[in-house]
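Colleague:
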Amino acid sequence: MSDSTLGAFRSALSDHDVATAATTRDTLVETLETVIDPPAVAAPLPYPVDLATVDGLTPGPTPAAVRDAATGVTAATVGVADTGSILLEPAGDGTEPVSLYPDHHVAVLDAADIVPDLGTAFEYLAAVFADGGDAVLATGPSATADMGELVYGAHGPSTVTVLILEGSA
Amino acid sequence: MTADRRDRAARIRELLGTEGEAVAANTKAFNAGRYDAVADLEDYDGTKDRARAIKEDAIERLPELIEELTDSVDANGGHVHRAEDAAAATAVIADIVDDAAGDTVVKSKSMTSEELDVNDVLAADGVDVWETDLGEFVIQLADEAPSHIVAPAIHRSREDIATLFESYFDLDAPPDTAADLVAIAREFLTDRIAEADVGMTGANFLVADTGTMALVTSEGNARKTVADTDVHIAVAGVEKIVPTVADLHPFVELLARSATGQSLTSYLTLLTPPSRSPTLDGDTPLGATDPDNEFHLVLVDNGRMALRDDPQLRETLYCIRCSACLNSCANFQHVGGHGFGGETYAGGIGTAWEAGVHSLDSAEDCGDYCTGCSRCVNQCPVEIDIPWLNQVVRDRINREGQAGFDWVYEGLVPDEEPGGLDPARRVFGNVGTIARLGSATAPVSNWVARRGIVRRVMDRLLGIDARRPLPTFERETLVDWFDDRGSTVQPGSAAREAVLYPDVYTNHIAVDRGKAALRALEAMDVHVRVPRAPESGRAPLSQGMIATAERQATATVDAMTPHLAAGRDVVVVEPSTLAMFRDDYANLLGSNPLAAESYDLFEYLYGRLANGGDLDALSRATGEAAVAYHAHCQQRTLGLATYTTTVLEALGYDVTTTSVECCGMAGSFGYKSEFYELSMAVGEDLTDDIDPDGRRLLASGTSCLEQLTAVFDRPAVHPVELVAP
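Protein chains in written order, with the numbering used here: chain A, 1 to 169; chain B, 170 to 894.
1) Who are the neighbours of B/Ala-342 on chain A, taking C-beta pairs under 7 Å?
2) Go to A/Pro-97, then tell me how far its alpha helix (DSSP H) extends in each direction, as first and last residue.
3) Are the C-beta atoms of B/Arg-361 and some chain A residue less than 8 Å apart?
4) Leaving out five residues before and five after B/Val-290 in sequence, what residues of the same chain have Cβ atoms less than 7 Å from its Cβ?
5) Output yes or no for whether 8 Å exceeds the beta carbon distance between A/Ala-111 and A/Glu-166.
6) Could you tell me whether the segment 196-213 of chain B touches the segment 419-436 of chain B, using the rule of 3 or more Cβ pairs below 8 Å?
7) Less than 8 Å separating the beta-carbons of B/Gly-456 and A/Gly-72?
8) Beta-carbon separation of B/Lys-197 and B/Gln-502 under 8 Å?
9) I'd like to check one pair, A/Asp-131 with A/Pro-90: are the Cβ atoms closer than 8 Å?
10) Using a Cβ-Cβ cut-off of less than 8 Å, list which residues of the segment 67-81 of chain A approach chain B; keep chain order.
11) Could you run through the segment 144-157 of chain A and flag, in chain order, every residue whose CB is less than 9 Å away from some CB of chain B?
12) Quick one: what does DSSP say B/Glu-585 is sitting in, helix, strand or coil?
13) Answer with buried or exposed for B/Thr-856, where buried requires no fewer than 16 other C-beta atoms within 10 angstroms of its C-beta.
14) To the nearest whole angstrom, what separates the beta carbons of B/Val-562 and B/Ala-521, a pair I think is in contact under 8 Å?
15) Alpha carbon to alpha carbon, what distance is there between B/Asp-360 and A/Gly-60?
16) Starting from A/Leu-51, find everything on chain B with Cβ-Cβ shorter than 9 Å and list it in chain order.
17) Starting from A/Pro-173, trace the beta strand (DSSP E) both ways and give me its first and last residue.
18) So who's on the other strand from B/Asn-276, going by DSSP bridges?
19) Using 8 Å as the threshold, is the segment 140-149 of chain A in touch with the segment 48-56 of chain A, meaning 3 or more CB pairs across them?
20) I want to see whether chain A comes within less than 8 Å of B/Ile-330, judged by CB atoms only; does it?
21) Short of 8 Å in beta carbon distance, which residues of its chain neighbour B/Met-280, apart from the five on each side in sequence? Order them along the chain.
22) Between the beta-carbon of B/Gly-782 and the beta-carbon of B/Glu-704, is there less than 8 Å?
23) Please report whether the beta-carbon of B/Lys-393 lies at a distance below 8 Å from any beta-carbon of chain A.
24) For A/Thr-83, collect the residues of the same chain with a Cβ closer than 7 Å to its Cβ; drop the 5 residues on either side in sequence, then sort them by chain order.
25) Measuring alpha carbon to alpha carbon, tell me which of B/Leu-690, B/Leu-210, B/Gln-712, B/Pro-709 ends up nearest B/Tyr-773.
26) Taking the alpha helix (DSSP H) that B/Glu-843 belongs to, which residues open and close that run?
27) Taking the alpha-carbon positions, what's the A/Asp-113 to A/Leu-163 distance?
28) In chain B, what lies closer than 8 Å to A/Pro-141 by C-beta?
29) Assign B/Val-626 to one of two classes, buried (16 or more other C-beta atoms within 10 Å of its C-beta) or exposed (fewer than that).
30) Looking at the strands, I want to know which residues DSSP matches up with B/Arg-665.
31) Within its chain, find whatever has a CB closer than 7 Å to the CB of A/Pro-97; leave out the 5 residues flanking it on each side and keep chain order.
32) To which residues does DSSP link B/Ser-767 through a beta bridge?
33) Evaluate B/Gln-659 with the Cβ neighbour count: other Cβ atoms within 10 Å of its Cβ, from every protein chain shown; 16 or more gives buried, anything less gives exposed.
34) Pull the bridge partners of B/Glu-463 from the DSSP assignment, please.
35) Mind checking B/Arg-175: buried by the 16 CB within 10 Å criterion, or exposed?
36) Does B/Glu-188 have its Cβ less than 8 Å from a Cβ in chain A?
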């Protein structure tokens, strides 16, 4: 992933009114504390980070906690620079409800997983489905124009923040 | 006008007054967005070609792909139910809901479920069914049918919806903002989703080799519908199957762009069900237990396999329900799907869908609004020839006719059509015969035709609106005039030889523009012939009289073949005739020798100018050089309008052009009394493009010229009349 791909990704996210913040594995806990609106819930992240130490955040929440949360934190497995999309992979860990029910979705993405375009993302997706997996390619907040004008937060989150993990693992 | 026509005219008037404004604002915004969004795509045409090829292959191999998909879903732990018709599909859905002891079913938007009337069947079983897509929710509360296949409540304004919510939710006042409306609906529907046992979705695509389904949405309701229920039912037509996940790529690039002008919608959900996501029930932390979700795929035939076996309508199954043909249609932009629609499906492609899944009756309600203007053709991401499908369906309706009602003059009319054909269609389809009689008996024919009583009879018997001036027939046709005059450029010394095809309008009505065309061609050093020639078949084709159109097409090709063999080009003035030669003949005849040898008049003049023709031999702008040019819809579909503009500008004209998809006249459409007001409403859109500032009005099509004159109340002329020496 080149700097220009990262720049294109940030700019495409911004076109969809999605905020971004740069962070590292070492500073992830502090960064999460600055971007979440409590109460927050989280699905497991594939990084060595103790989410229980994040103020205001409940990892492994109950269904009721998900419904009541203001922020949901999940991993994103791929970012698409061209379109400003992030790929979520719903599984048994609760990624789907945590990314969907709270009004603010915070997705944590490794900068190394940003690909230039949809074509490249589809190569990755073929492998996901060969394993029987699920995926949601999310581009911007939940939106509707059905009530006469564009409104964010129709059924899903009205705001989305992507935390981009830089530096090697 | 007959009672049927009067009823339809009244219905259209009502729609124009009530829903027209919201429909127009929304569809025009989608359409403009689509033009921008596809322009951003690196290889739009190549992507369309790939999507088309995938669909052609998938429908060809459909039986095999259905088996493969069934095996994949089975292997994943889901269940596939094949339903031959709507009754079978709704019965199996009702059984699944019953087995799940489901009192509440939540749905995300699915046109296929609308087609099946699933909600009514479940409601009759005492099940509460809730539409969670906010547009669908609005029309559910209003007890209406969708007016658009993508945005079902497109006919309702925010104010409208606010009043509806005020009454349904018993509020003190209508909510002020769209955000307020969304918040109310979201809160209500979140509870419905929480209490539901069964979630029902459609599927935009189904992948045979993995059992994956794609849902293209923006709101997140489809995700919740699946995520928060234990039993997921997906309802999809068999045509939604593609072979592999990689095949989804071109469709993902095209679908949202073609629909609403977005590069992507908010959520592309790709599920390989049953879902492994935990539902939000109980007190156990997420991830602590394995969910036990159930998945049922109801694969619906309901006429689709018969469409597959129908060589003329098969490409209907390539449709990905993007709505580009709705949004780019001038008529749809004014009445929406409550006018231009059948039982379920709406707009250009709606006719063929209705013919396939419902009936010719339902298709007729929809198809009559298609003028064949062809503006949708280039907008379709899978390259379906939608006007042709509409003409095929119209032909079948004509042939179904009025059984047992044998017209005494069936043997007397010059066409190949059945006795039950609507007499107005017969008149419009035989306009060539009428024109020959009209010219032969002019000016008497014109005097008679103008008399009030005659117009009233025409209106009553034929539905030809008395508010439209009729064309005036010239006694001397272009061909007769040319017989006496001959060509001033000798074949031996000419740069090119060409045939100026005498279409009905140029030959009998707008003879002056034919003479001007001849002078312009001769000024480009072209030896021109104007032979007697058969009609092109455009008039009968536009009325769905395919056998007659085919006969005329064959005769025209036969008549032009010796000219082509002698190396002569065929130059055409009337754009709808050229579209026959370039495009429609392939549908009618299978092969089309005229396609590569026929030219739009200005395309040809431009070609001559680029190859040594002398610009000074044409007439330059003198005095008032400001003109407003409205290109013919079919001319624009063929990408030919630019030649007229370029030549006019080279000659010193200051040219503005129009952006409307169609002027609303569209050949015979604007003459029909039930459609007169719609035609004029569409025509009024021209006033957004052309200021009433006195620019000279130019148009290439005969009926466009009539419409411009009617809308602006001043004469409009063919551009060749300006440039000819």
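Where a beta carbon is used, it is the ideal one built from N, C-alpha and C, also for glycine.
Modeller: On the basis of the data shown:
1) In chain order: nothing, as chain A lies at least about 16 Å away.
2) 95-100
3) no
4) Thr-259, Ala-263
5) yes
6) yes
7) no
8) yes
9) no
10) Arg-67
11) Thr-144, Ala-145, Asp-146, Met-147, Gly-148, Glu-149, Leu-150, Val-151, Tyr-152, Gly-153, Ala-154, His-155, Gly-156, Pro-157
12) coil
13) exposed
14) 6 Å
15) 23 Å
16) Those do not exist, as A/Leu-51 stays about 13 Å from chain B at its closest Cβ, beyond 9 Å.
17) Since the first residue shown for chain A is 1 and the last is 169, residue 173 of chain A is missing from the structure and cannot be characterised.
18) It is Lys, not Asn, that sits at residue 276 of chain B in the sequence shown. For B/Lys-276, which the question treats as bridged, DSSP gives the partners B/Glu-300, B/Met-369.
19) no
20) yes
21) Pro-315, Ile-318, Gly-371, Arg-490, Thr-513, Tyr-514
22) no
23) yes
24) Ala-12, Leu-118, Thr-139
25) B/Leu-690
26) Premise fails: B/Glu-843 is in no alpha helix (DSSP H) and is neither H nor E.
27) 12 Å
28) Ser-435
29) exposed
30) B/Val-695
31) Val-66
32) B/Val-739
33) exposed
34) B/Val-400
35) exposed
36) no
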